[in-house]
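Asks: Residue numbers (our numbering): 51 to 358.
Once you've had a glance at the structure underneath, I'll fire off some questions.
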Amino acid sequence: MSQILWTSSSVTLRDTVISGYIVNIEPLKIGAGREPPLEAPVDVAVLRMNYKNTTIPYIPGSSLKGVFRSYATIFAKAKGSRVCSGLSKETCGEIIKLRDEFGKELLLNDLIDLYIKENMSRKAMEIFFNKACLMCKIFGSTKYMSKIYFSDAYPIDEAGNVLDFKFNVRTGIAIDRVTGAVYGGALYTTEYIEPGAKFRFSITCRNLPNYALGLLALVIERINDGYIKIGGFKSRGFGAVKIEELKFKNREAESSLKMRSLEPSIDLEVDLSNVARLENGWIVAEKNDAWEIIKKLRGVWDIVAKSD
Ligand SMILES: [Zn+2]
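See the structure below:
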C-alpha cells in the first residue's frame, strides 16, 4: 500500500484542537480594515459585534491566521526552509514552474488542474505534496484548502457568559513623517481595549504531522511570551498578550496516548503518556500539561527543521 499523504483531505489521520483565552497585557487594537497612515488624523474604532444585547469586541480568526502564517514563515525561513511568502500571486502554486510529460512548462497550479481534469487526483495531490512548501500545506493556497481553522475569539466563556472588558480612547498628535512637525495641528484618536480582557480562541487542525504542529507550537510560545504581538499600534506599546487556560486535544486514527509520525523519515513520534489522559478516544491535557505538550511538539520542529 502506498503512503497516505497527510495533505490528503479524503482521509482523517488526526484531529488536533488547541484552545484557551488570549488575555491582553497591553492595550489591544483590533481595527476593521487597514491601518491608517501615521499622519492621518482619523478616528479608528475597534472591531465590534452584537451579542445578547451588548456590544463586544472580538479578534477575527482571519487576523489570527495571518499572525500565525507570517511568523511561521519567518521561523521556517530562519531554519533555512524554502517557503513562499503566501502573498497573493506569490504562493507556491503561482510561482513554481514544472514540466508536464511532453516537456511543456507549466505553473504548479496549472499542472494540478490538468491532473484533476484527467481524473488523476492522486497524482495531483502527490505533486502538490512534493513541490509546495510547508506553509502552503498547512495554511492553504489558491488551489488547496487550509489544514488549519482559526475561530473568531470572543470575550465569552465556555458557558456563553460575556466576560469583562473595557473600551477606551487615546488621543495622540499626528506627526508629519517628512518634516517631523505636527501635521496641521491635527490630533488623532484611537480606540482600544484596556488590558485584562479575555478572548476565547480555538485552533482546529486536520492531519498535521507533529513537526508542523511544532511550528505552530513555537508561534504559540512566542505569542505567550510577548515576542509576537496582536493587532495595531504594536510599536507604540500595544498588542502584547498571554495565553491562559490552554487546552490541548488530539485524536489519532487509533486511540493512543502516542502521536505517531505522519511522514515517514521526517516526522517523529511524540509520547504523551506522562502529560495527558485519554477521554472518549481523545488525548486531552490542560494548563501546565498542555504547555508541556506544546514544548514537546516544538522540540520535534526544532529537530526536523534542523535536518531539513
Ligand atoms: Zn508555499
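For each residue, glycine too, the CB sits at the ideal point set by N, CA and C.
Is the beta carbon of M185 within less than 6 Å of some heavy atom of ligand 1?
Replies: M185: yes, Cβ under 6 Å from ligand 1.
Asks: Using the C-alpha atoms, what's the distance from I177 back to C183?
Replies: Approximately 11 Å between the Cα atoms of the pair.
Asks: At the level of alpha carbons, what is the spacing between R348 and R256?
Replies: Cα-Cα distance, rounded: 18 Å.
Asks: I believe T123 touches M185 by the beta-carbon criterion, under 8 Å. Please report the beta-carbon distance rounded to the nearest angstrom.
Replies: Right, their Cβ atoms sit about 5 Å apart.
Asks: Decide if the stretch 205-220 is in contact with the stretch 260-277; the criterion is three or more beta carbon pairs, one per stretch, under 8 Å apart.
Replies: No contact exists between the stretch 205-220 and the stretch 260-277.
Asks: Looking at C255 and ligand 1, is the gap between the Cβ and the nearest heavy atom below 6 Å?
Replies: False, no ligand heavy atom lies under 6 Å from that Cβ.
Asks: Label K79 either buried or exposed according to how many other C-beta atoms from any shown protein chain fall within 10 Å of its C-beta, with 16 as the threshold for buried.
Replies: Classification of K79: buried, given that the 10 Å Cβ count is 16 or more.
Asks: Where does C255 fall in DSSP's three states?
Replies: The answer is strand: DSSP assigns C255 an E or B state.
Asks: Given this structure, state the Cα-to-Cα distance separating N159 from L148, to the nearest angstrom.
Replies: Cα-Cα distance, rounded: 10 Å.
Asks: Three Cβ pairs or more, each shorter than 8 Å: is that satisfied between the stretch 287-300 and the stretch 350-357?
Replies: Taking 8 Å as the limit for Cβ pairs, the verdict is that the stretch 350-357 does not touch the stretch 287-300.
Asks: Less than 7 Å between the C-beta atoms of K299 and V67, yes or no?
Replies: In this structure, V67 lies closer than 7 Å to K299 by Cβ.
Asks: Report yes if the CB atom of K279 is closer than 7 Å to the CB atom of E244, and no otherwise.
Replies: Not in contact: K279 and E244 (Cβ atoms no closer than 7 Å).
Asks: Return the chain-ordered ranges of every alpha helix (DSSP H) run that is complete within the stretch 251-302 and spans a minimum of 4 residues.
Replies: Correct list: 260-274.
Asks: Tell me whether T141 counts as near ligand 1, meaning its Cβ is closer than 6 Å to at least one heavy atom of that ligand.
Replies: T141 Cβ: within cutoff of ligand 1.
Asks: Restricting to runs no shorter than 3 residues, where is the beta strand (DSSP E) found entirely within the stretch 135-168?
Replies: As far as the stretch 135-168 is concerned, its whole beta strand (DSSP E) runs of at least 3 residues are 147-149, 155-157.
Asks: Mapping DSSP to helix, strand and coil, what is A326?
Replies: In this structure, A326 counts as coil in the three-state DSSP scheme.
Asks: Helix, strand or coil for E342? Go by DSSP, reduced to three states.
Replies: Three-state result, E342: helix.
Asks: Excluding the 5 residues flanking R321 on each side, which residues of the same chain have their C-beta closer than 6 Å to its C-beta?
Replies: In the sequence as presented, Arg is not what sits at residue 321; that position holds Asp. Within the same chain, D321 has close Cβ partners K308.
Asks: At the level of alpha carbons, what is the spacing between K284 and N324?
Replies: Looking at the two C-alpha atoms, the distance is approximately 38 Å.
Asks: Under 6 Å Cβ to Cβ from S69, same chain only, skipping five residues before and after it: list those, please.
Replies: S252, K297, listed in sequence order.
Asks: For I206 and R250, which I take to be in contact (beta-carbon distance under 8 Å), what is that distance rounded to the nearest angstrom?
Replies: Contact holds; Cβ gap of about 6 Å.
Asks: Between the C-alpha atoms of Y277 and L137, what's the straight-line distance to the nearest angstrom?
Replies: About 23 Å.
Asks: Take K346 and list the residues in its own chain whose beta-carbon comes closer than 6 Å to its own, dropping the five residues that flank it on each side.
Replies: These residues qualify, in order along the chain: V320.
Asks: Rounded to whole angstroms, what's the CA-CA distance from L157 to I146? Just pull it up for me.
Replies: For L157 and I146, the distance between alpha carbons rounds to 6 Å.
Asks: So the alpha helix (DSSP H) G116 belongs to, where does it begin and stop?
Replies: Counting along the chain, the alpha helix (DSSP H) containing G116 begins and ends at 111-128.
Asks: For S315, does the three-state DSSP call read helix, strand or coil?
Replies: Note: S315 maps to coil in three-state DSSP.
Asks: So what does DSSP say about E208, is it helix, strand or coil?
Replies: Of the three classes helix, strand and coil, the one that applies to E208 here is coil, per DSSP.
Asks: State the beta-bridge partners of N100 as determined by DSSP.
Replies: Answer by DSSP bridge pairing, in chain order: T105.
Asks: Helix, strand or coil for R355 per DSSP?
Replies: The question names Arg, but residue 355 is Ala in the sequence shown. Residue state, collapsed to three classes: helix.
Asks: Closest to Y121 by C-alpha separation, out of K193, K181, L265, would be which residue?
Replies: Of the candidates K193, K181, L265, the one whose C-alpha sits nearest the C-alpha of Y121 is L265.
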